[in-house]
């Protein structure tokens, strides 16, 4: 398989511009099913809204499953203030300071979307002395909607109500030096990688040794994306998510991260060794790492009682759940490891 990073980045760009906060992922799932239909891959939809695509292999008695999630961080309208601004409740695990100044869209029940900016209520430097000392939290952060709203009644008349989803604009950019920066690289970068792998398999009629499922989950950011609808024949379950970068971490933006342990405990040692051996054999840049404040769909599946061998890999993402960035080298290394894994014996 020839990894084409341009195609992966193109898929990322398309995906991050489709709003899909956890709980409101229908548009992203429609994009995925259209892609699968175009590439003649059979799939089924789950009651929870996920999609499981299946490519038959030479051995149909033992299966593999790879998963990535299309849902992202987001928010929901919690309160409409008397001045026409909105208060939010967060969806997913992140902090208020990471969305201050971010442009956003408010999605109403009628399907209409309004633009706005997430900001401190006390943002005007010429009015609020000591604004820099105030806490960024649900009390002080609001959405300034880009409409002529003067009151709560104006907002409600426009169709905005409590419970409306709020998505964050991605601000996608690719640098000449190979960096890709955007919100929602967690986990749309990995979804894009799986899309590329699937397309390569179908385009070049690659025969996989085992029947392989590709689960695109839609509730990972809230903890229960890929823990059900796992075919009973599944032996190995590999989550393709992100590698987190920071002080004390081995992960970087140029290699594929292979996770040894996260908040759910150690990943399967045999599968981890198998992935490391494949990377070393084929000259794929990798790092092994531990994520104490992380949980993947593989972790959720194990906690739900799935009888599987579980693992986690992914591209290194800087500033996770905030101002995310990765490099095409990391995307390439991740795609190459997935391909070599899919063609290898079971761990």
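Numbering (UniProt numbering), first residue to last: 1 to 347. All residues carry an ideal CB built from backbone N, CA and C; glycine is no exception. In this text the structure is predicted, and so the values were computed from the model without any measurement.
Handout entry: CB of residue 233 within 8 Å of CB of residue 91, strictly
Key = no
Problem - CB-CB length for residue 120 against residue 100, believed under 8 Å - result: 7 Å
Practice task
Go to residue 198, then tell me how far its alpha helix (DSSP H) extends in each direction, as first and last residue.
Solution key: Annotation for residue 198: the continuous alpha helix (DSSP H) segment containing it runs 185-203.
Exercise for the section: Look up residue 153 in the DSSP assignment and say whether it is helix, strand or coil. Expected result: In the structure shown, residue 153 sits in a helix (DSSP, three-state: H, G or I).
Practice task
Give the DSSP-derived three-state secondary structure of residue 297 in the structure shown.
Solution key: helix
Problem - Simplified DSSP state of residue 131, which is helix, strand or coil - result: It is helical.
Practice task
Return the CA-CA distance between residue 80 and residue 169, expressed in angstroms with no decimal places.
Solution key: 21 Å
Practice task
Return the residue from the list 279, 187, 22 that minimises the CA-CA distance to residue 344.
Solution key: Looking at the Cα atoms, 279 is the closest of the given residues.
Practice task
Could you please give the first and the last residue of the uninterrupted alpha helix (DSSP H) stretch that includes residue 6?
Solution key: 5-16
Problem - Segment limits, beta strand (DSSP E) that includes residue 119 - result: The continuous beta strand (DSSP E) containing residue 119 extends over residues 113-120.
Exercise for the section: Return helix, strand or coil for residue 92, following the three-state DSSP convention. Expected result: Per DSSP, reduced to three states, the secondary structure at residue 92 is coil, with no helix or strand assignment.
Exercise for the section: Measure the C-alpha to C-alpha separation of residue 208 and residue 57 and round it to an integer number of angstroms. Expected result: 5 Å
Problem - Residue span of the alpha helix (DSSP H) that contains residue 65, given as start and end - result: Element bounds for residue 65: not the alpha helix (DSSP H) but the beta strand (DSSP E), 57-69.
Exercise for the section: Please say whether residue 186 and residue 17 have beta carbons closer to each other than 8 Å? Expected result: no
Exercise for the section: Please report the residue range of the alpha helix (DSSP H) in which residue 340 lies. Expected result: 328-342
Exercise for the section: Give a yes or no on whether the C-beta atoms belonging to residue 314 and residue 334 are separated by under 8 Å. Expected result: Yes. Within cutoff.
Exercise for the section: May I ask you to report which of helix, strand or coil DSSP gives residue 99? Expected result: helix
Problem - Rounded Cβ spacing between residue 256 and residue 284 (contact assumed at less than 8 Å) - result: 7 Å
Practice task
Assess, as a yes-or-no matter, whether the region 18-33 is touched by the region 197-214 under the definition of 3 or more beta carbon pairs within less than 8 Å.
Solution key: no
Problem - Reduced DSSP secondary structure (H/G/I, E/B, other) of residue 34 - result: helix
Handout entry: Segment contact, 8 Å Cβ cut-off, at least three pairs: the region 242-254 with the region 286-301
Key = yes
Problem - Of the residues 254, 309, 266, the one placed nearest residue 287, counting alpha carbons only - result: Of the candidates 254, 309, 266, the one whose C-alpha sits nearest the C-alpha of residue 287 is 254.
Exercise for the section: Below 7 Å CB to CB, which residues in the same chain sit around residue 154 once its five sequence neighbours on both sides are set aside? Expected result: 84
Practice task
Please classify residue 341: is it buried, with 16 or more other beta-carbons within 10 angstroms of its beta-carbon, or exposed?
Solution key: buried
Exercise for the section: With a cut-off of 8 Å on the beta carbons, I'd call residue 235 and residue 62 a contact; round off their distance for me. Expected result: 5 Å
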